[in-house]
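Worksheet for the structure shown next.
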Amino acid sequence: MGVPPSPAGQDRLRNLREFVLISALAGAIVAAMALPFVGTAAFATRQATMTFDSLPQELKTEQLPQRTYIESANGTKIATLYSENRIVVPLSQISPLIQKAAVATEDARFYEHHGVDMKGSARALLANSQAGDVQQGSSTITMQYVRNQLITNAKTKEQIEDARVRTIGRKLQEMRYALAIEKKMTKEQILEGYLNVSYFGAGAYGVEAAARRYFDVSASQVTLPQAATLAGLVQQPVGYDPTAHPKTGQLRRDVVLDRMALQGYITAGEAASAKAIPIQKTLRPKELENGCAQSKYPFYCDFIINQIKNDSRYGATIQDRENLIKRGGLTIKSSLDLKAQASAQQAVDRRVPPKDPSKKAAAIAMVEPGTGNVVAMAQNRRWGTTGTGVTTYNYAVDAADGGTIGMQAGSVFKAFTLAAAFEKGISPREYINSPQRKTFAPGDWGCGESFNQPKYTVNNSTGAGTFNMWSGAAMSINTFFVELERQAGLCRTVDVAERMGVKLGNGKPLLRYPSFTLGSMEVSPLSVAGAYATFANHGIYCKPHAVASISDLDGKTLYSDSGNCRRAVSREVADATTAILTGVIDGSGSRTGRDMSLGRDAAGKTGTTDSNAAVWFAGYTPDLAAAVWSGDPRGGFKHPMDNVTIGGRYYDEVHGSSIPGPIWRDAMDGALSDRAPSFDLEAKYNLKQARRGGYNGGDGGGDNYGGGYNRYYGR
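Convert by adding 10 to the 1-based position in the sequence shown; the result is the number in the numbering used here.
Okay, here's the thing in structure tokens:
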């Protein structure tokens with residue numbers, strides 16, 4: 011007598027026998043279908059069995075898609091994003107009632123078979139072969155897990171449709187995978203995977219999301235009637251949805267309770283008591299939150315999504331990046347400062363109400379110098395596609411980030427001319443004759459080539475006379491700045507702006523026209539705010555960004571953005587420009603920014619375009635930079651900012667100091683209410699060098715403008 015096989019050997023023999031039986035069964039069924047086309051049934055059986063044996067048996071299991079959360083800088087959740095509303099939990103966090111209900115309903119022999127139930131499979135395969143397709147199910151929990159995993163692994167619409175097709179070939183493949191899975195996973199692991207991958211209707215994937223969706227509790231806290239309801243949904247998630255079909259949902263729940271009693275998981279009395287409870291009384295449906303439209307901060311949320319989609323660091327293709335966002339189960343920490351955001355929104359709405367009859371709009375972007383963190387962005391329009399005062403365009407950002415092609419910037423561009431002049435070595439004390447109207451002759455404008463236009467005529471709207479940088483900037487004299495641009499060089503001026511991150515709202519480079527200094531280019535508030543933050547940061551530009559870090563389900567940091575920074579202009583040039591721009595706010599009584607004083611050191615510039623098509627204010631402190639635009643989205647030249655009532659106040663002409671300036675002031679006041687910094691101008695400006703012999707800002711000059719500095723700062 012031989013030695014009896016060991017327990018492990020017995021398992022191997024049993025698995026082998028079951029595998030052989032299933033292979034033979036599969037072959038026989040396929041052969042029966044193929045009899046008219048082959049010589050003998052035996053031959054067909056052998057061929058079909060070989061086909062079954064050759065099917066892939068290693069199922070690739072990818073991470074299940076889960077919810078992605080976007081958080082503010084302080085960790086407050088501001089948005090939830092997903093393609094499948096799923097929260098994966100371990101079996102220990104799933105009520106035993108749910109586990110028992112699922113087994114009793116879907117696979118009573120789950121703990122006895124090895125992936126395929128022979129009795130059920132034989133019956134179903136025979137019926138299906140007679141019908142020519144899949145008419146009867148026989149899927150064990152393991153096979154259902156396989157099918158749902160295949161669907162989940164699919165990325166494209168075509169792949170998903172292919173995974174859902176119910177054919178005998180697909181059934182055989184599921185059986186093959188199920189046998190392999192049972193060899194490498196425990197029953198508990200399979201049940202856990204099944205309950206996490208399955209669809210439970212109403213947009214809920216996985217039992218945890220389903221428990222929250224229908225009952226507003228976790229899967230560990232459900233009652234017996236609730237557990238039975240969930241288990242019954244898997245067969246027909248739509249038809250048995252208790253919120254949409256309470257009658258059929260309750261009938262299905264009661265079937266589950268009866269099966270639980272039949273299998274001995276509960277008593278007949280417990281089943282009767284649970285069935286006596288109307289299903290509506292067990293429900294506490296919770297609406298799903300998905301996407302930026304349901305966020306309290308939809309435009310900021312949309313900006314984050316677009317930044318990720320446009321950045322190759324997050325995936326080779328846009329589709330890869332979208333999958334990362336909606337399937338990755340990520341936590342995206344943003345740079346959104348809720349205090350600054352609230353202040354910005356209140357400031358915008360106060361001056362230009364969301365549903366103002368004028369149909370005018372306003373938007374602000376706020377950037378932290380030294381990091382590029384976009385701490386806030388607000389506009390008077392609400393997120394939406396229908397109704398008054400709504401849009402899905404973010405007026406604060408470029409087109410690629412969910413915004414528009416930009417708006418003409420007006421005189422806020424004069425700051426770049428100042429910086430270019432300092433680079434050229436032009437003294438701020440140099441006076442330029444600036445008449446009310448001036449025509450500039452053709453020339454190369456410092457670009458090495460002549461422009462096609464024979465002449466360029468400029469008009470002032472704020473005065474005429476002889477001005478230097480201090481007075482010219484304070485009064486925003488157009489003829490002064492066009493001449494200063496000519497002396498500094500148009501291409502140098504444009505180059506300074508580009509080095510500080512400014513580009514057209516459509517993403518293209520800036521154009522080189524003499525009107526550049528007057529803000530003829532169409533840009534976004536965020537682009538301007540990022541550039542002005544460069545002045546505050548002593549000439550170092552940090553690319554504005556909303557994503558601070560991205561971490562996975564385990565809290566591991568996948569990406570972090572500590573600031574993409576580089577020097578744009580020298581420290582001396584940046585701080586000399588700041589010295590001039592502080593005079594716009596805190597200088598003489600004729601300054602255009604006199605009403606924007608914050609009671610602390612601040613620098614800024616108003617902006618008003620031709621025909622009042624758009625109005626701006628951009629400014630900064632050492633801690634924060636912001637740019638505000640106001641205009642008409644229907645077209646600024648067709649609907650200019652004049653002879654208009656906005657927010658209950660009539661304006662014959664709206665200027666940068668009329669609406670954008672006060673919005674900037676109020677937003678900055680609120681955002682900085684707990685800080686008290688000041689510009690460290692002496693350290694930045696290097697007074698000793700200036701007093702010894704003047705300022706050398708770049709490739710020439712050396713003119714002394716220490717006197718101008720001393721006049722404003724009492725040195």
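By construction, the Cβ of each residue, glycine as well, lies at the ideal position given by its N, Cα and C atoms.
Any idea what DSSP makes of I487, helix, strand or coil? Coil, per DSSP.
C-alpha distance - I415 paired with G671, whole-angstrom precision: If you take the alpha carbons of I415 and G671, they lie about 23 Å apart.
With DSSP collapsed to three states, give me the class of A219. Collapsing the DSSP output to three states places A219 in a helix.
Limits of the unbroken alpha helix (DSSP H) element including F526: Counting along the chain, F526 falls outside any alpha helix (DSSP H), and DSSP gives it neither H nor E.
To test your reading of the DSSP string, which unbroken alpha helix (DSSP H) runs of 4 or more residues are found completely within the segment 171-228? Within the segment 171-228, the complete alpha helix (DSSP H) runs of at least 4 residues are 178-194, 197-207 and 217-225.
Entirely within the segment 401-479 and at least 4 residues each: give me those alpha helix (DSSP H) ranges in chain order. Whole alpha helix (DSSP H) segments, 4+ residues: 424-434.
Should the segment 102-121 be regarded as contacting the segment 237-249, the criterion being three or more beta carbon pairs within less than 8 Å? Under the Cβ criterion (8 Å, minimum of three pairs), the segment 102-121 counts as touching the segment 237-249.
Is the distance from the Cβ of W674 to the Cβ of G529 below 9 Å? The beta carbons of W674 and G529 sit no closer together than 9 Å.
Quick check: M677 and A354, are their CB atoms within less than 9 Å of each other? Reading off the sequence, residue 677 comes out as Ala, not Met. In this structure, A677 lies near A354, with their beta-carbon atoms less than 9 Å apart.
Keeping to the same chain, check which residues put their C-beta closer than 6 Å to that of R4; ignore five residues upstream and five downstream. Given that the chain is displayed from residue 11 to residue 725, the structure contains no residue 4 and the question cannot be resolved.
List, from N- to C-terminal side, the beta strand (DSSP E) runs of 3 residues or more that fit wholly inside the segment 555-605. Correct list: 557-561, 567-570 and 575-577.
Beta-bridge pairing of V533 - partner residues as DSSP gives them: V533 pairs with M417.
Cβ-based burial, S305 [other Cβ within 10 Å; buried from 16]: S305 counts as buried, since no fewer than 16 other beta carbons sit within 10 angstroms of its beta carbon.
Please determine, among A188, G85, H124 and Y215, the residue with the shortest C-alpha to C-alpha distance to R96. Of the listed residues, the one whose Cα sits closest to R96 is Y215.
Below 6 Å CB to CB, which residues in the same chain sit around V265 once its five sequence neighbours on both sides are set aside? Cβ within range, chain order: n/a, list empty.
Any idea if R496 is buried or exposed, counting beta-carbon neighbours within 10 angstroms, 16 or more meaning buried? A buried status is given to R496, since no fewer than 16 other beta-carbon atoms sit within 10 Å of its beta-carbon.
Exposure label - V384; buried when at least 16 CB within 10 Å: Under the 10 Å beta carbon count, V384 is surrounded by 16 or more other beta carbons and is classified as buried.
Can you grab the Cα-Cα spacing for the pair D642 / S559, in whole Å? So the two alpha carbons sit approximately 36 Å from each other.
Roughly how far, in whole angstroms, is the beta-carbon of T78 from the beta-carbon of I335, given that I think they are within contact range, below 8 Å? Correct: roughly 6 Å between the Cβ atoms.
If contact is defined by three or more beta carbon pairs under 8 Å, each pair taking one atom from either stretch, is the segment 659-666 in contact with the segment 390-406? The segment 390-406, when compared against the segment 659-666, does not touch it at the 8 Å Cβ threshold.
Using a Cβ-Cβ cutoff of less than 8 Å, which residues in the same chain neighbour T476 once the five nearest sequence positions on both sides are dropped? Here the set comprises Y441, I442, N443 and S444.
Euclidean distance between Cα positions of I314 and S344: If I take the Cα positions, the gap works out to 8 Å.
Identity of the residue in T86, D408 and W480 nearest G511 by Cα: Answer by Cα proximity: D408.
Cα-Cα separation between T162 and D127, rounded to whole angstroms: The alpha-carbon atoms of T162 and D127 are separated by roughly 24 Å.
With the cut-off set at 9 Å, would you say V358 and N390 are in Cβ contact? In this structure, N390 lies closer than 9 Å to V358 by Cβ.
Start and end residues, beta strand (DSSP E) containing V377: A371 to V377 is the span of the beta strand (DSSP E), which, as asked, contains V377.
Give me the Cβ distance between R223 and K296, rounded to the nearest whole Å; I'm assuming they're in contact under 8 Å. A Cβ-Cβ separation of about 6 Å places R223 in contact with K296 under the 8 Å criterion.
Cα-Cα separation between C311 and L91, rounded to whole angstroms: Between C311 and L91, the C-alpha separation is close to 10 Å.
Is DSSP giving L267 helix, strand or coil here? Three-state DSSP puts L267 in a helix.
In whole angstroms, what separates the C-alpha of T619 from that of A498? Roughly 22 Å between the two C-alpha positions.
Between which two residues does the alpha helix (DSSP H) holding E508 run? Residues L500 to R509.
As assigned by DSSP and simplified to three states, the class of T162: In this structure, DSSP gives T162 a helical state, which the three-state scheme calls helix.
I need the boundaries of the beta strand (DSSP E) containing Q76, first residue and last residue. Counting along the chain, Q76 falls outside any beta strand (DSSP E), and DSSP gives it neither H nor E.
Backbone secondary structure at F545 - three-state DSSP: Taken through DSSP and simplified to helix, strand or coil, F545 comes out as helix.
D728 - DSSP class collapsed to helix/strand/coil: Outside the shown range of the chain, which is 11 to 725, sits residue 728, and nothing can be said about it.
Taking only the alpha-carbon atoms, compute the straight-line gap between P438 and V468 and give it to the nearest angstrom. One Cα belongs to P438, the other to V468, and the distance between them is close to 22 Å.
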